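At the far end of the sequence shown sits residue 989, using our numbering, and the numbering has no gaps.
No residue lacks a Cβ here, since even glycine has one placed at the ideal position from N, Cα and C.
Small disclaimer: the values here were computed from a predicted structure and weren't measured.
Here's the structure we're looking at; comments come further down.
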Amino acid sequence: MSLADWMGKYGDRTLGHMILPGSHDAGTAKDHIELTTFGTQSNAATQNLTISQQLGVGTRFFDLRLDVHENKVVAHHTTGGQGAYSSIPVDRVLETAALWCGVHRSEVVIFRISHTSIATNVHEIIKKSAAGVLHTGTGNLCEKTLKQIASQGGGMICILDSKKFGTVIDQAQGIHAYSKYKGAGISNGIATCGCYSGTHALHNVVCNGLKGQYEHNEKHGKDHRHLWQVYWQKTYKNPASSTGIERGTTKKAVYNTGDKKVHGGTHASTAYMLRLMQGERAPTEQGFEDKYKLSGGFMKKNVMYSTLAFRNYSLPNIFSYDFVNEDTNKLIVAMNEKSRQEVEDEGA
């Protein structure tokens, strides 16, 4: 299955019902970033493909963090208080992405611009660099079908923090608002929800994702006017690491009988995590039968996440991870084969 045009078969489905492969810290690809102040790339590079290459293997949601460095606006990834900056200016990144979107007209591509300020003037860079493919429709984009999005200017959606960029948000010019979904009114653009806790432990990453799935479903699981995101990533805080993020995400997962937890990489456990999210019960030897308390106070009792019956209809809209690759994207894209709304109706 080629992933370059995988959205074509879902043109009549709304964005709020789609499941998208997402790229965490999409702009800091290995061999395309400067060395950190420790003289390494190992703990700063979060991808090994450029954004245009990530598009080709099916990624459709990009976490693009920007800063001004040496008089250029570039992607960055800070580690342990010191930064690593991309060697590719963001205008060139967006120009290349726009060329790709111009060829693949069935695809809807979202760039969430974050960790930056209005001083970068990124809203003007977007309008200039992606002219001709920017989506220029108005309103809540999650309620539009993919065909509607692609037909209104184009399928490239750029969302910027509504609090920081509120004065320059202009949907008709392709500058859309991004906001955190709070369960109340939906602003124009795209709102997302999700839970993230920085952790190096794979067991905690898995449980955090399942916890987010439970809380999303309990609070607003049938509200498809926003997107909910799973952060499938481990947080590495040692900037001088010689092994780095990539080895940490790809090393084989191993179950420890002593602490009854799984240790290893997110890549090595992605298929298992997706099976859990689609309702398959975890075998006890994998260590996910433990009970974990929910946060937020709305649910007092412990919940055995691996046995929740509703999980097969509460799937993420965005599965965001490090070191995007075609094999993992195929697993995520395949989750669209049975729409979330169909499963909800069956379970009603």
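A residue is called buried when at least 16 other Cβ atoms come within 10 angstroms of its Cβ; leucine 851 meets this threshold and is buried. Around the C-beta of alanine 667, 16 or more other C-beta atoms lie within 10 Å, and the residue is accordingly described as buried. Here aspartate 802 carries a strand assignment [DSSP, helix/strand/coil].
Secondary structure remark: continuous alpha helix (DSSP H) runs of at least 4 residues inside the stretch 860-896, in chain order: 885-891. The C-beta of threonine 969 has 16 or more other C-beta atoms within 10 Å across all chains shown, which makes the residue buried.
Spanning the alpha carbons of threonine 655 and lysine 971 requires a straight line of approximately 20 angstroms.
The C-beta separation of histidine 908 from asparagine 897 comes to about 19 angstroms, leaving the pair out of contact by the 8 angstroms criterion. Comparing alpha carbon positions, the residue from Ile886, Val974 and Asp900 closest to leucine 915 is Val974. For the pair of segments examined, the stretch 884-894 was found not to touch the stretch 855-870: the number of CB pairs separated by less than 8 angstroms stays below three.
Per DSSP, the unbroken beta strand (DSSP E) holding alanine 818 starts and ends at 817-821. One Cα belongs to leucine 917, the other to isoleucine 886, and the distance between them is close to 24 angstroms. Secondary structure note for aspartate 963: it is in no beta strand (DSSP E), with a DSSP letter that is neither H nor E.
When beta bridges are read from the DSSP output, proline 730 appears opposite Val715. Here the stretch 835-842 does not lie against the stretch 792-805, with fewer than 3 beta-carbon pairs under 8 angstroms apart. Each residue's CA atom was taken as its position, placing valine 715 and aspartate 900 some 42 angstroms apart. Rounded to the nearest whole angstrom, the CA to CA distance from methionine 659 to phenylalanine 964 is 22 angstroms.
Cβ contact annotation for isoleucine 810 (same chain, cutoff 6 angstroms, sequence separation greater than five): Ile816 and Ala818, in chain order. Taking C-alpha positions only, glycine 780 is separated from isoleucine 751 by approximately 16 angstroms. In this structure, the alpha-carbon of serine 770 lies about 47 angstroms from that of lysine 902. At the C-beta level, serine 961 and glycine 649 stay beyond 7 angstroms of one another. Taking lysine 671 as reference, the option from Tyr726, Arg701 and Val698 with the minimal CA-CA separation is Tyr726. In the three-state scheme derived from DSSP, where H, G and I count as helix and E and B as strand, glycine 830 is classed as strand. Valine 871 counts as buried, since no fewer than 16 other beta carbons sit within 10 angstroms of its beta carbon. Spanning the alpha carbons of asparagine 958 and tyrosine 651 requires a straight line of approximately 14 angstroms. Close CB contacts of lysine 821 within its chain, under the 8 angstroms cut and outside five residues either way in sequence, are with Ala832, Thr833 and Cys834 (chain order). For histidine 764, the uninterrupted alpha helix (DSSP H) run begins and ends at 763-770, by DSSP.
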